[in-house]
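One structure below.
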Amino acid sequence: MKQIQTTAFQHDLLTWYQADNRDLPWRKDQDPYKIWVSEIMLQQTRVETVIPYFNRFISLFPTPEALAEAAEEDVLKVWEGLGYYSRARNLQAAVKEVTADYGGKVPDTEKEIRSLRGIGPYTAGAILSIAYGKPVPAVDGNVMRVMSRLLTLYDDIAKPKARIQIENILRDLIPTEDAGDFNQALMELGATVCTPKNPQCLTCPVVSHCHARAEGVESLLPVKAKKKPPRTERWQTTVIVDADGRVLIQKRPETGLLANMWEFPMIESDEQSGEEALIDALTKRYSGIAVDHVTHTQQVRHVFSHIVWEMDVFLVRLKNRVSLSGDELMMPPEELTYYPFSVSHQKIIDGTIAEEVIGKRS
Ligand code: SF4
45 MKQIQTTAFQ
55 HDLLTWYQAD
65 NRDLPWRKDQ
75 DPYKIWVSEI
85 MLQQTRVETV
95 IPYFNRFISL
105 FPTPEALAEA
115 AEEDVLKVWE
125 GLGYYSRARN
135 LQAAVKEVTA
145 DYGGKVPDTE
155 KEIRSLRGIG
165 PYTAGAILSI
175 AYGKPVPAVD
185 GNVMRVMSRL
195 LTLYDDIAKP
205 KARIQIENIL
215 RDLIPTEDAG
225 DFNQALMELG
235 ATVCTPKNPQ
245 CLTCPVVSHC
255 HARAEGVESL
265 LPVKAKKKPP
275 RTERWQTTVI
285 VDADGRVLIQ
295 KRPETGLLAN
305 MWEFPMIESD
315 EQSGEEALID
325 ALTKRYSGIA
335 VDHVTHTQQV
345 RHVFSHIVWE
355 MDVFLVRLKN
365 RVSLSGDELM
375 MPPEELTYYP
385 FSVSHQKIID
395 GTIAEEVIGK
405 RS
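Just so you know, our numbering puts 296 at position 252 of the sequence shown, and the rest follows in order with no gaps.
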């Protein structure tokens with residue numbers, strides 16, 4: 045395997061990072077809880093998007109105890125729009141463990157921290173190095189790209205073996221002092237300089253250590269097998285409004301995609317599904333409803349990591365009044381804002397609800 049001059053590499057990387065790092069709210073102190081929250085939010089999400097979410101989250105739940113005691117619905121509401129909601133549920137479950145088993149102090153050993161819900165090797169390394177200064181690697185996609193290029197590693201980075209190999213290399217490369225800065229510097233280098241396309245090699249602080257650049261192969265690395273394209277699901281999504289002007293919402297199951305989020309009723313459709321089939325399905329699902337008329341109001345497309353939802357939205361006006369309780373509720377449309385909805389259903393609140401239900405009421 046190719047080698048890097050450890051001390052000179054550490055020096056060049058840290059000098060660059062410490063002179064010019066971004067001013068981010070979770071870097072203001074070394075609070076392990078705040079670092080933890082930020083790292084969970086940053087998974088799959090850009091820094092600029094995370095900042096306002098992080099500030100709001102920490103102002104509402106400033107300590108592990110505050111988060112542990114919060115209602116799950118309030119936590120999901122603050123997370124609304126960030127996506128990957130299981131991150132929020134796992135974070136709260138793990139924080140409950142921290143308050144119950146560790147007196148509210150985030151543990152500082154790899155073994156203990158890795159045992160918490162939702163904490164994998166990357167998050168463990170980030171918290172241990174940034175908050176506690178421990179020389180533990182934190183290998184995310186950015187770091188894998190940087191390391192693959194620096195050392196011309198041609199293993200497929202989608203495979204766990206490649207991540208373990210890079211972790212092992214980094215265990216020898218991380219300085220015992222400044223471990224947190226070193227990890228953050230590598231991530232920052234990947235995010236801002238050694239980018240997936242067109243890496244900025246001419247201004248790169250570690251160009252003199254980079255084997256890919258020396259061999260002119262930086263654009264060929266890292267090697268990453270193509271993911272399967274996401275599968276498309278088609279839904280007829282219904283905004284059902286009863287004679288009192290209230291809207292039907294329901295809670296998703298406790299597990300699986302968007303668990304415990306609220307939504308408008310969805311009926312899986314195919315190319316042939318029409319309004320008649322929709323009314324039929326709704327009256328079977330909600331006995332006692334009497335449909336007055338149905339209008340197609342909106343199309344919404346939402347891409348998850350592995351599924352695409354193509355949603356046709358229908359406004360369904362009822363002739364009668366409906367009473368529901370539990371995981372299905374009839375709500376005045378103005379009160380929908382108190383409930384956590386996923387981004388796709390939020391688009392329906394901003395579209396059909398705002399324009400066709402609230403907007404046309406008077
Ligand atoms: S020289 Fe280019 S390829 Fe190498 S680490 Fe720097 S930006 Fe990445």
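We put the CB at the ideal spot given by N, CA and C, even for glycine.
Since this is a predicted model, take the numbers as computed values, not measurements.
Query, Result
"Take the Cβ of Ile397 as the centre, count every other Cβ of all protein chains shown within 10 Å, and call the residue buried at 16 or more, exposed below.", "buried"
"Would the beta-carbon of Ala170 be found less than 6 Å away from any heavy atom of the ligand SF4?", "no"
"Determine the extent of the alpha helix (DSSP H) in which Arg133 is found, giving its start and end residues.", "Ser130 to Asp145"
"For Glu262, verify whether its CB is less than 6 Å away from any heavy atom of the ligand SF4.", "yes"
"In the DSSP output, what is Leu373 paired with across the bridge?", "Ile293"
"What do you reckon, is the C-beta of Pro266 under 6 Å from a heavy atom of the ligand SF4?", "no"
"Whole angstroms is fine: what's the gap from Gly169's alpha carbon to Lys178's?", "8 Å"
"How about the stretch 344-352 and the stretch 361-374: do they share at least three Cβ pairs that are nearer than 8 Å?", "no"
"Quick check: what's the CA-CA separation for Thr276 versus Asp314?", "11 Å"
"When you compare the stretch 96-103 with the stretch 171-186, are there three or more beta-carbon pairs, one atom per stretch, that lie closer than 8 Å?", "no"
"I'd like the ranges of any alpha helix (DSSP H) spanning at least 4 consecutive residues and lying wholly in the stretch 56-119.", "76-86, 91-104 and 108-113"
"Counting pairs of beta carbons, one from the stretch 292-302 and one from the stretch 267-276, are three or more of them closer than 8 Å?", "no"
"I'd like to confirm something about Ala398: is its beta-carbon nearer than 6 Å to some heavy atom of the ligand SF4, or not?", "no"
"Near the ligand SF4, which residues have their beta-carbon closer than 7 Å to a heavy atom?", "Val190, Arg193, Leu194, Leu233, Val237, Cys238, Pro243, Gln244, Cys245, Cys248, Val250, Val251, Cys254, Ala256, Arg257 and Glu262"
"Could you check the C-alpha separation between Thr239 and Leu292 for me, to the nearest Å?", "45 Å"
"Quick one: using the 10 Å Cβ neighbour count with 16 as the cut-off for buried, is Gln136 buried or exposed?", "buried"
"Between the C-alpha atoms of Val180 and Thr153, what's the straight-line distance to the nearest angstrom?", "10 Å"
"Sorted by chain position, which residues of the same chain lie with C-beta nearer than 6 Å to Arg365's C-beta, five sequence neighbours on each side aside?", "Asp286, Ala287 and Asp288"
"Rounded to whole angstroms, what is the Cα-Cα separation between Ala52 and Ile157?", "32 Å"
"Looking at the structure shown, is Asp199 part of a helix, part of a strand, or coil, going by DSSP?", "coil"
"Looking only at DSSP bridge pairs, what is Met355 linked to?", "Trp279 and Val344"
"Check His350 in the structure and name its three-state DSSP category.", "coil"
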